[in-house]
Amino acid sequence: MSVKPLLIGLTLLLALPLFSQQKKEVKVGLVLSGGGAKGLAHIGVLEVIDEAGIQIDYIAGTSMGAIIGGLYASGYSAKELDSIFKTIHFETLIQDNLPRNAKTFYEKNDSEKYVITLPFDHFKITLPSSLSRGQNVYNLFSRLTEHVNHIEDFSELPIPFFCIATDIETGKPVKLDRGYLPQVMRASGSLPSVFSPIEIDNKILIDGGVVDNYPITLLREKGVDIVIGVDVQDTLQSRENLRSAFDILTQISNYRTYNDMLEKRTLTDIYIQPDISSFSVVSFGRGEEIIQSGRERALMFKDALDSIARLQNRPLREPIQKHRSDSLFINDIHVMNNKFYTRSYILGKLKLKEPFNTTYVKLSEGLNNLAATGNFNQIDYYFKKNHAGNNELYFNIYENQNKTFLRLALHYDDLYKTAALINITRKNLFQRSDVAAFDFIVGDNLRYNFDYYVDKGFHLSYGVHSSLNKFKRNVPFALFPSLITEGNSSDISSIQLKHQTLTNQFYVQTLFQQIYLLGVGVEHKHILFDSETLAEESSNNRSVFENTNYFSLYGNLKLDNRNNKYFPTQGGFFEGKFNFYAFTTGLYANQDQFSIAKAQLGYAFQPLRRLAVTISTEGGVKIGKQQTSSLDFIVGGYGYLPVNNFVHLYGYDVASLRGDTYFKAKIRLDYEFYRKTYLSGVFNAANVGDRLFLNTGWINNKPHTGFGLGITSNTYIGPAGLFWSYSPETLKSQWYVSVGFWF
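Sequential numbering from 365 applies to the sequence shown in our numbering.
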């Protein structure tokens, strides 16, 4: 034991008779500094304090000290805090990692397409203010402090508490001793560049450690007799450890806090400084070691702490009951401060309708989905009981002032080849809750997508979609027999097909039972097929064998609760679509009316820890007569985004098979042998032909089969894969390469 703890212990022992004679109630204050992950050492110190039987009368904290101190003040014991923080996955908590099944269908498509999103208001690119909005952290704090959410004055907590934040506009400290406890803890711990600032009482607040990382002076003003302080701040480093620009910047920022502590430690009766020199502010993965370091240092002060407990000489506090039921029944919802986004939009993203019965898990998922839109800088919520005793949920919304965004992505596959996507998205363009997005795709094939969508939440939403899709591909000469004129040479084995489709849609859609998407709309397609191969035969510049406008009514139904689109380990998906083609104009005008119905269904599960299995089936049929085969099902290839009725099939090249009917089954296995990297195997079989359901062809015909083996990875820019495939029918193999999100 060092000399100083021994002297403190002797001093307190000598003071014991004096306090006893005066019968003075000794009040003990606790001050906890900030320090990021190193602040977990506070838990180890608190364990020793609890074991000594000390009753803390007031707690002050900053940053991680505010988080640990706030939870301790709400009634958690040190042992309970140890259990809680050992089960938290900090990487997921800090990042805005959002469960996919919490997102709406529009948000799913949005998040699985773009790699980079940057604010672009007034045609100026800016960087996001932080890595995380901290919604997961807020949700966790709200869940943990449910039992005290009715307390606004923190002096009424089981242990009185206050913490420090920094006003980012004035650079002055802000003392937070009332309000909503989860919000206050989140504000004090808003580490700059990691978490976005948080607004409280019209002040923009960040981490309190910027101005007062050890608020002992304010704690002394509370009339405490003895102060126990735990300091987990960085010390100044020697020249040997200043090896990078980051090290030097950290050293500069530590000058003030280090010099402040030279004075503040003299105001501390028991000053505990755990040995956290081998940890950093983000060493959350070494939480157990950090907690143990705090315990080991606190045990050096055991005699002094025992002496304080004897000075108090009072019974221990009764344990605080924490109501941790997961069920929530809410009678009414109040949405405040929203301007650009309607109440129905917000509740639709949250997947809430009052009155409702839900769980904290579902509420957190809805909050994450609302945060994932990027439309809100801050989403505060709290619970209250009204005069009738009914539960009410209040949301205070702080909308993002950025309305325009620049978004980028890259992709390569065997059909479209290289492609770079440049997107401009504008929110609140014409009205509240609308979004307009234009994709311009450059590379080997120029394309575009335009979407305008008005999101009404649970009410009928509507939108407009327009896209131009084009590519060139060598395909079998006989693939489109009804399109190729009799004058063309029949001994040509393949032609270079130029395919172009312009699609325009207007639709309305709604969520059904909160998990299904039901939509109807009108659609126009202009399909153009031509070939220079056939032009050479006919001595023309090109040969056009499809140039027709198709007008249809359509309806679709979707369900998708997979946890990942490209590498799912659980969940199912279903999508069905029916088009009724009413009339045509152009090269094949006035065709008979016909319809196309298609659907796909699949399910993913994980029989072993690193092995995921996806089983799926799909099919489609054309009903009625049609002069052309341009909307038939074109089967083959993998790794590209299907257009019209193109269908993937391992073992075959793109556009190898055609028919007005098809049925396909597939099983895929992904074994994760390294972080987000997989050995993948696929087997599929398909029956493709004309009018198969009008006879027994779909049963009697020998199916087209194939399998694939490859290495795949879930990368930052999207799924990447290299597959070798083989078909027993053709006795040929194919290679598929695909990199990046599909668009």
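Cβ coordinates follow ideal geometry from the N, Cα and C atoms, glycine included.
Here the structure is a predicted model, which means the values were calculated and not measured.
Could you give the residue range of the beta strand (DSSP E) that holds residue i?
i, result
"Thr1079", "His1068 to Thr1079"
"Gly439", "First-last for Gly439: undefined, no H or E at that position."
"Thr581", "First-last for Thr581: Ile580 to Arg584, but that is the alpha helix (DSSP H), not the beta strand (DSSP E)."
"Ala963", "Phe958 to Leu972"
"Ile788", "Lys781 to Lys791"
"Lys889", "Tyr880 to Ser895"
"Gly401", "Sequence inspection shows Ala at residue 401; the Gly mentioned does not correspond to that position. Ala401 -> no beta strand (DSSP E), and no H or E assigned at all."
"Asp670", "Where Asp670 is concerned, there is no enclosing beta strand (DSSP E), although the alpha helix (DSSP H) it sits in stretches over Lys666 to Gln676."
"Glu982", "Leu975 to Ile987"
Distance, Cα to Cα, residue i vs residue j?
i, j, result
"Ser657", "Ala405", "6 Å"
"Gly403", "Lys781", "51 Å"
"Trp1106", "Ala1084", "10 Å"
"Ile592", "Tyr762", "38 Å"
"Gly553", "Tyr826", "41 Å"
"Asp639", "Leu410", "16 Å"
"Ile987", "Val872", "25 Å"
"Val977", "Tyr1090", "20 Å"
"Arg659", "Ser642", "16 Å"
"Phe484", "Thr490", "7 Å"
"Ile528", "Val538", "6 Å"
"Asn764", "Phe1071", "48 Å"
"Gly966", "Leu1095", "29 Å"
"Leu495", "Gly400", "15 Å"
"Thr949", "Gln955", "8 Å"
"Ile570", "Trp1088", "52 Å"
"Asn927", "Glu471", "14 Å"
"Asp1054", "Thr1069", "18 Å"
"Ala442", "Gly408", "8 Å"
"Gly851", "Lys467", "With a pLDDT of only 47 at Gly851, under 50, the local geometry of the prediction cannot be trusted, and no value is derived from it."
"Ala736", "Lys836", "37 Å"
"Leu665", "Ile634", "Rather than Leu, the amino acid found at residue 665 in this sequence is Phe. Taking the straight line from one Cα to the other gives about 8 Å."
"Ala801", "Ala783", "18 Å"
"Asp565", "Val548", "11 Å"
"Phe947", "Tyr914", "6 Å"
"Phe931", "Arg1039", "13 Å"
"Phe870", "Ile568", "42 Å"
"Glu939", "Ser728", "27 Å"
"Gly1104", "Phe1010", "20 Å"
"Gly1001", "Lys989", "28 Å"
"Ser830", "Ile879", "26 Å"
"Pro1092", "Tyr1100", "17 Å"
Decide if residue i is buried, meaning its Cβ has at least 16 other Cβ atoms within 10 Å, or exposed.
i, result
"Ser902", "With a pLDDT of 47 at Ser902, under the threshold of 50, the predicted position of this residue should be treated as unreliable, though the coordinate-derived value follows. Ser902 comes out exposed."
"Gln860", "exposed"
"Met428", "buried"
"Thr912", "buried"
"Leu810", "exposed"
"Glu910", "buried"
"Leu824", "exposed"
"Val806", "exposed"
"Gly649", "exposed"
"Gly587", "exposed"
"Tyr1016", "buried"
"Leu1058", "exposed"
"Ala953", "exposed"
"Phe487", "exposed"
Locate the alpha helix (DSSP H) running through residue i, then write down its first and last residues.
i, result
"Asn943", "Element bounds for Asn943: not the alpha helix (DSSP H) but the beta strand (DSSP E), Gly935 to Gly950."
"Arg811", "Counting along the chain, Arg811 falls outside any alpha helix (DSSP H), though it belongs to the beta strand (DSSP E) covering Arg811 to Val818."
"Tyr1016", "From DSSP, Tyr1016 is part of no alpha helix (DSSP H); its letter is neither H nor E."
"Pro546", "Leu545 to Ser552"
"Ile407", "Ala405 to Ala416"
"Thr456", "Phe454 to Ile458"
"Ile420", "Where Ile420 is concerned, there is no enclosing alpha helix (DSSP H), given that its DSSP letter is neither H nor E."
Identify every residue that forms a DSSP beta bridge with residue i.
i, result
"Trp1106", "Its beta-bridge partners do not exist; DSSP assigns none."
"Asn868", "Ser830 and His888"
"Ser1089", "Gly1072 and Gln1098"
"Ser858", "Pro840"
"His823", "Partner(s): none; His823 has no beta bridge."
"Ser691", "Thr723"
"Asn618", "Partner(s): none; Asn618 has no beta bridge."
State yes or no: is the C-beta of residue i nearer than 7 Å to some heavy atom of the ligand HEM?
i, result
"Val1018", "In the structure on display, the ligand HEM does not appear, and there are no ligands present to speak of."
Taking only runs that begin and end inside the region 700-776, name each unbroken alpha helix (DSSP H) of 4 or more residues, in chain order.
-> 707-714 and 724-736
Length-filtered (4 minimum) alpha helix (DSSP H) runs lying within the region 467-541 = 469-475 and 499-508
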